[in-house]
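*Asks:* Here the sequence shown stands for residues 1 to 500, numbered as in the numbering used here. Submitted below is the structure of interest, expressed as C-alpha cells.
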Amino acid sequence: MSGIRVTYTGLISLSGGIAAVMASSIFTVLITRKLLPEEYGAWGVISGVIIYVVFIGTITSFWTTREISRGRYVGKTQMMGTSLLSVVAVIAYLFIAYFLGYLTEVKIEYLLLASFLIPTSLFVGALQAINLGKRPQAISYGNLAFGISQIPNALIFVYLFDMSVTGIILSVIISQIISIIVLLILAKPYLRGAFQYNILKKWFKLSWIPLYPSVATFLDSGLQITIFTIITGSLLGIAYWSASIMVVSMISLSSLMSTAIYPKLLEGNNRSFVQSNLTHLFFVGILLTAIAISLGQSALFILNPIYVDAYYLVIILSIGSFFVVMRNIFKQMLTAIETVDLNEKSTKKDYLKSKLFTVHTAQNIATAIIVISLVIGLIVLTETNTTVINYLEYWAFVVPIVEISLASYLYVRIKQNFDLKFETFSILKYSLVSAGIFGSLHYVTEIVLNYQSSIFDFVAILLVIISTGIIAYLFINYLIDYRSRELINSIITELKNKSK
1 MSGIRVTYTG LISLSGGIAA VMASSIFTVL ITRKLLPEEY GAWGVISGVI IYVVFIGTIT
61 SFWTTREISR GRYVGKTQMM GTSLLSVVAV IAYLFIAYFL GYLTEVKIEY LLLASFLIPT
121 SLFVGALQAI NLGKRPQAIS YGNLAFGISQ IPNALIFVYL FDMSVTGIIL SVIISQIISI
181 IVLLILAKPY LRGAFQYNIL KKWFKLSWIP LYPSVATFLD SGLQITIFTI ITGSLLGIAY
241 WSASIMVVSM ISLSSLMSTA IYPKLLEGNN RSFVQSNLTH LFFVGILLTA IAISLGQSAL
301 FILNPIYVDA YYLVIILSIG SFFVVMRNIF KQMLTAIETV DLNEKSTKKD YLKSKLFTVH
361 TAQNIATAII VISLVIGLIV LTETNTTVIN YLEYWAFVVP IVEISLASYL YVRIKQNFDL
421 KFETFSILKY SLVSAGIFGS LHYVTEIVLN YQSSIFDFVA ILLVIISTGI IAYLFINYLI
481 DYRSRELINS IITELKNKSK
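Pasting the structure below:
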C-alpha cells in the first residue's frame, strides 16, 4: 500500500511552501531595500547564469525519483553521481563567467564567488529528488529551513558588514548548506544500500533523456536575462524584471498542492485522485493569482518604491505564471505514466517515442519561440525611442501568449491518456469569487494604504487586507462549492489529528 497521501502531502507542501516564501520575501525586501537597483540587477544576472549549469543535476535526479518511487534504493548512487557532476558544472560555470564578466557590468569577483553556489545547489536538488520519491512533503521542510536561515544571514552580511552582492551570495550559500542538512536527515532511510556503478552508468548513458527537457531551462530565464542585458545594456531593467518575478512567484506555490501526483502515478496506482487534486490546484492557484494581480503594486513598493513602475509587468506575468503551473503539472502527469524505463531491453528508439522525450519537445519549441521573439523584438525596439519599461512590457507579453498555447496543447494530450474532465463550474466559481473580493480590495488599498508611512506599518496593514481577502475567499467558496468544503474539511481534520 502506498505511503503517499496526495491531499495530505499537498497541504503540508503548500503550508511549508508559503512559510518558506514569506521568509524568502523578507530576505528579498532586506536586500532590495539595501542594494542599489544595479546591484540587485547584478544578482539577477548571477542567478540566471547559475541556471545554465545546475540543470546538469537532472542527469541523476530525474532517474532517482523514478527508481525510489518504485521501491529501489539508489540514494548513495545519486549522491556519488552528483559529486561527479558538481565538478563538471563548476568548470562550465567558470568558463561562462569569464566571458560574462566582459560582456556585462557584473563584477568578476561576484561571478567567481558565486561558483560555490553550484555544488550546494546540485546537492539540494539531489536530496529533493530522493525525498520526492517517497516523502514529497520533506522538500518543503528543506525549503523552509533555507528561507528562514536567509534572514539572519542577510542581516549579518548585507546590513551589518555591508557586503553588497558578496553578502547575498554568502547568505545563500550558508542557507543552502542548512537546507542540505535538513534534507539529508529526512532522506536517510533511502540512503541505505550500496553504491551501484551499473545504475550510475545506465543513468549517464541515458543522460540525454533528462537533459532534453533541460534545453527549455537553458533557453528560459537565464538566457533571456543575458540576452536582455547584452542587447539593452540595462541592469536596471533586470532589477525591475527580478522584482516582478519575485511578486509573481507566489503563484507557483499552488503547484505544491499537486506535489504527490508525480510519485503517486509512478507507483502505478489508480488515477482516480487526479481530478479532485487538479480542482484543488485551481482553488489555490486562482486565489494566489488574484492576490498577485490586485496587490502587486503594494508588494513592489515593499521591495523598493522604485519598482512600482513595473506593476503592469506583474499583471501580465501573473497570467503567464498560472499557465506555467498548469503545463508543469500536465508534463509531470504524462511522464509519470510512461513505463519505457521499466523494460531493460528498451532501445534508444523506444525512448525517443516515449513520453519521456516527446512531452518535452513542445516545451523546447515554445521556449525557443520566446527567445527568438525576445531577440527580434529588442533589436527592433532599440532602434526607437523606447524606455526600459517598454522593453520589459514587450518581454512580458510574449511569455503568457506562448505559455497559454503550450498548456492547451498538453491538455489535449492529457485527455488522450486520462479520463479527466475539468470541474468547470467549480473553477468558474473560484474565478468570480476571487475577482469580486480582490478587485474590491485593490481599491481599498488605494484608500487605506499610506505610501508615506513606515515600511512596518505599511506591511502590517497590507497583511491585514490580504488575510481578510483570503478568509472571505475560503468562507464564500466553502458555502457554495463542494470541492472547497472537501479541501477545507480535510485541513480541519488534519489539524484535529495533530492536536491529539
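Note that CB positions come from ideal geometry on N, CA and C, so glycine has one too.
Classify Ser408: buried if its beta carbon has 16 or more other beta carbons within 10 angstroms, exposed otherwise.
*Replies:* Numbered from 1 along the sequence shown, position 408 holds the residue referred to as residue 408. Classification for Ser408: exposed.
*Asks:* Pull up the distance between the alpha-carbon of Ser69 and that of Lys201, whole angstroms please.
*Replies:* One-based indexing of the sequence shown puts residue 69 at position 69. One-based indexing of the sequence shown puts residue 201 at position 201. Rounded to the nearest angstrom, the two C-alpha atoms are 20 Å apart.
*Asks:* State whether the region 328-348 contacts the region 179-193, with contact taken as three or more CB pairs (one from each stretch) at a distance under 8 Å.
*Replies:* no
*Asks:* Roughly how many whole angstroms lie between the Cα atoms of Asn477 and Met326?
*Replies:* In the sequence shown, counting from the first residue as 1, residue 477 sits at position 477. In the sequence shown, counting from the first residue as 1, residue 326 sits at position 326. Near 21 Å, if we compare the C-alpha coordinates of Met326 and Asn477.
*Asks:* Look at the alpha carbon of Leu317 and the alpha carbon of Tyr197, and state the distance between them as a whole number of angstroms.
*Replies:* Walking along the sequence shown from the start, residue 317 turns up at place 317. Walking along the sequence shown from the start, residue 197 turns up at place 197. Each residue's alpha carbon lies about 44 Å from the other.
*Asks:* Where does Gly233 land, buried or exposed, given buried means 16+ other C-beta within 10 angstroms?
*Replies:* Counted from its first residue, the sequence shown places residue 233 at position 233. With fewer than 16 other CB atoms across the displayed protein chains lying within 10 angstroms of its CB, Gly233 is exposed.
*Asks:* Excluding the 5 residues preceding and the 5 following Ile369 in the sequence, name in chain order all residues of the same chain whose CB lies nearer than 7 Å to its CB.
*Replies:* The count along the sequence shown starts at 1 and reaches residue 369 at position 369. Correct list, in chain order: Val402.
*Asks:* Could you have a look at Ala396 and say whether DSSP puts it in helix, strand or coil?
*Replies:* In the sequence shown, residue 396 corresponds to position 396, counting from 1. In this structure, Ala396 counts as helix in the three-state DSSP scheme.
*Asks:* If you check the beta carbons only, do Gln332 and Ile261 fall under 8 Å apart?
*Replies:* On the sequence shown, residue 332 is found 332 positions in, with the first residue counted as 1. On the sequence shown, residue 261 is found 261 positions in, with the first residue counted as 1. Result yes, Cβ atoms of Gln332 and Ile261 sit closer than 8 Å.
*Asks:* Could you check what DSSP says for Leu287 in three-state terms: helix, strand or coil?
*Replies:* In the sequence shown, residue 287 corresponds to position 287, counting from 1. Correct three-state label for Leu287: helix.
*Asks:* Between Asn385 and Val308, what straight-line distance do the alpha-carbon atoms span, to the nearest angstrom?
*Replies:* Within the sequence shown, the letter at position 385 stands for residue 385. Within the sequence shown, the letter at position 308 stands for residue 308. Cα to Cα, Asn385 sits roughly 22 Å from Val308.
*Asks:* Just to confirm the assignment, what range does the alpha helix (DSSP H) spanning Ile251 have?
*Replies:* Taking the sequence shown and counting its residues from 1, the one referred to as residue 251 is at position 251. Ile251 -> no alpha helix (DSSP H), and no H or E assigned at all.
*Asks:* Determine, using beta carbons only, whether Ala238 and Ile230 come nearer to each other than 8 Å.
*Replies:* Within the sequence shown, the letter at position 238 stands for residue 238. Within the sequence shown, the letter at position 230 stands for residue 230. Residue identity differs from the one stated: residue 238 is Ile in this sequence, not Ala. No, these two residues do not count as a Cβ contact at 8 Å.
*Asks:* So what does DSSP say about Asp341, is it helix, strand or coil?
*Replies:* The residue given as residue 341 occupies position 341 in the sequence shown. If DSSP states are grouped into helix, strand and coil, Asp341 belongs with the helices.
*Asks:* Helix, strand or coil: which one does DSSP assign to Tyr482?
*Replies:* Taking the first residue of the sequence shown as 1, we reach residue 482 at position 482. Here Tyr482 sits in helix by DSSP.
*Asks:* Give a yes or no on contact between the region 155-164 and the region 177-187, applying the rule of three or more CB pairs nearer than 8 Å.
*Replies:* no
*Asks:* Compute the distance between the beta-carbons of Thr166 and Leu100, then report whether it is under 8 Å.
*Replies:* For this step, residue 166 is matched to residue 166 along the sequence shown. For this step, residue 100 is matched to residue 100 along the sequence shown. No, the pair does not count as a contact, with Cβ atoms beyond the cut-off.
*Asks:* Does the distance from the C-beta atom of Ile315 to that of Gly296 stay below 8 Å?
*Replies:* Residue mapping note: residue 315 aligns to position 315 of the sequence shown, counting from 1. Residue mapping note: residue 296 aligns to position 296 of the sequence shown, counting from 1. A contact, by the Cβ cut-off of 8 Å.
*Asks:* If you scan the region 76-129 from start to end, which runs of the alpha helix (DSSP H) of 4 or more residues do you find wholly inside it?
*Replies:* 108-113
*Asks:* Whole-angstrom Cβ separation of Pro210 and Thr58, contact assumed at under 8 Å?
*Replies:* Translated into positions along the sequence shown, residue 210 becomes position 210. Translated into positions along the sequence shown, residue 58 becomes position 58. Indeed, because the Cβ distance is near 4 Å, the residues count as touching under 8 Å.
*Asks:* In the DSSP assignment, find the unbroken alpha helix (DSSP H) run with Pro263 in it and report its ends.
*Replies:* Along the sequence shown, read from residue 1 onward, the residue named residue 263 stands at position 263. That run of the alpha helix (DSSP H) goes Ile261 to Leu266.
*Asks:* From the DSSP output, in three-state form, read off Pro210 for me.
*Replies:* Taking the sequence shown and counting its residues from 1, the one referred to as residue 210 is at position 210. DSSP places Pro210 in helix when its eight states are reduced to three.
*Asks:* Is the CB-CB distance between Ser121 and Asn153 below 8 Å?
*Replies:* Against the sequence shown, residue 121 aligns to sequence position 121. Against the sequence shown, residue 153 aligns to sequence position 153. Taking 8 Å as the Cβ cut-off, Ser121 and Asn153 do not qualify as a contacting pair.
*Asks:* Got a sec? Which residues, its chain only, sit under 7 Å from Ile173 by beta carbon, not counting five neighbours each side?
*Replies:* Numbered from 1 along the sequence shown, position 173 holds the residue referred to as residue 173. The answer, listed in chain order, is Phe116, Leu117 and Thr120.
*Asks:* Rounded to whole angstroms, what is the Cα-Cα separation between Glu486 and Tyr93?
*Replies:* Counting from one through the sequence shown, the residue named residue 486 turns up at place 486. Counting from one through the sequence shown, the residue named residue 93 turns up at place 93. Near 48 Å, if we compare the C-alpha coordinates of Tyr93 and Glu486.
*Asks:* Kindly confirm or deny that the region 76-90 and the region 44-60 touch, where touching means at least three C-beta pairs closer than 8 Å.
*Replies:* yes
*Asks:* Would you check if the distance between the CB atom of Ile291 and the CB atom of Gly439 is smaller than 8 Å?
*Replies:* If you number the sequence shown from 1, residue 291 lands on position 291. If you number the sequence shown from 1, residue 439 lands on position 439. Going by C-beta atoms, Ile291 is not nearer than 8 Å to Gly439.
*Asks:* Threshold first: 4 residues or longer. Then list the alpha helix (DSSP H) segments lying entirely within the region 441-484, N to C.
*Replies:* 455-480
*Asks:* Just the C-alpha distance for Ile139 and Ser321, rounded to the nearest angstrom, thanks.
*Replies:* Numbered from 1 along the sequence shown, position 139 holds the residue referred to as residue 139. Numbered from 1 along the sequence shown, position 321 holds the residue referred to as residue 321. Each residue's alpha carbon lies about 21 Å from the other.
*Asks:* Let me check understanding here. Comparing Cα to Cα, which of Phe323, Ile293 and Val324 lies closest to Tyr311?
*Replies:* Mapped onto the sequence shown, residue 311 falls at position 311. Of the candidates Phe323, Ile293 and Val324, Ile293 places its Cα closest to the Cα of Tyr311.
*Asks:* What does the alpha-carbon distance come out to for the pair Asn304 and Val247?
*Replies:* For this step, residue 304 is matched to residue 304 along the sequence shown. For this step, residue 247 is matched to residue 247 along the sequence shown. Between Asn304 and Val247, the C-alpha separation is close to 12 Å.
*Asks:* For Ile50, which residues in the same chain have their Cβ closer than 8 Å to its Cβ, ignoring the five residues on either side in sequence?
*Replies:* In the sequence shown, residue 50 corresponds to position 50, counting from 1. Tyr93, Ala114, Leu117, Ile118, Ser121 and Gly222.
*Asks:* Under 8 Å, do Ser350 and Val359 count as touching if we go by C-beta distance?
*Replies:* For the purposes of this step, residue 350 is taken as the residue at position 350 of the sequence shown. For the purposes of this step, residue 359 is taken as the residue at position 359 of the sequence shown. What sits at residue 350 in the sequence shown is Asp, not Ser. It is not a contact, given that the beta carbons lie outside the stated cut-off.
*Asks:* Of all the options Phe458, Leu313 and Trp395, which has the alpha carbon lying nearest to the alpha carbon of Val380?
*Replies:* The residue given as residue 380 occupies position 380 in the sequence shown. Looking from the CA of Val380, the closest CA among Phe458, Leu313 and Trp395 belongs to Trp395.
*Asks:* When DSSP labels each residue in this structure, what does Phe536 get in the three-state scheme?
*Replies:* Any question about residue 536 goes unanswered here, given that the chain covers just 1 to 500.
*Asks:* Tell me the rounded alpha-carbon separation between Leu374 and Glu393.
*Replies:* Within the sequence shown, numbered from 1, the residue matching residue 374 stands at position 374. Within the sequence shown, numbered from 1, the residue matching residue 393 stands at position 393. In a straight line, the C-alpha of Leu374 is about 11 Å away from that of Glu393.
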